[in-house]
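In this note's numbering, the protein residues as written are 621 to 806. Heads up: the structure comes next, in structure tokens.
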């Protein structure tokens, strides 16, 4: 056990070190450190939200770059580059082959759907890297497994998109249906 004089000296020395450390954190002090941590969390949250928005926007807009032939069921072939609305059916992680096949079958049988193509994670990753090559931080913060598999296609208009959404939204493995018409003002 320490005597009281030694104890007081040690307490004073510890207090002096604390005061020096506290002052070293200035000009903003401890609150500035907390604020910086909060800003970091916000930046990550905003970055993640931005990433999701960019993925959805980029995927819907970017799928046309790769293009594909219209499915055989269309009575009159429609151009993938002509008028129409881009739609993506995003699949959940862990979607089974049977669920994927069911979604494909429903989309192929729909008279509203044309220019149908499937985008697996590897293709989504390649397209994402190419599309956002001018944003290396975004590409670096994104992992291939964060990009969902999807079916991408075109419909004539918003009504066609709504019809297709009603057909596939309740199917197993479907995470979301995104229509480019939702990205534009009505």
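For glycine and all other residues, C-beta sits at the position ideal for the given N, C-alpha and C.
Query	Result
When the cut-off is 9 Å and only beta carbons count, does residue 798 lie next to chain D?	Of the protein chains in this structure there is only one, and it is not chain D.
Quick one: any contact between the stretch 742-762 and the stretch 697-707, if contact means 3 or more CB pairs under 8 Å?	no
Leaving out five residues on either side along the sequence, give the residues of the same chain with a beta carbon under 8 Å from the beta carbon of residue 789.	797
Distance, Cα to Cα, residue 729 vs residue 760?	39 Å
Answer yes if the stretch 770-784 comes into contact with the stretch 717-728, meaning at least three C-beta pairs across the two stretches below 8 Å, and no otherwise.	yes
Where do the N-terminal and C-terminal ends of the alpha helix (DSSP H) with residue 705 fall, by residue?	Unbroken run through residue 705 is the beta strand (DSSP E), 705-711; no alpha helix (DSSP H).
Check whether the Cβ of residue 703 lies closer than 8 Å to any heavy atom of the ligand ZN, and answer yes or no.	In the structure shown, the ligand ZN is absent, as is every other ligand, since no ligand is present at all.
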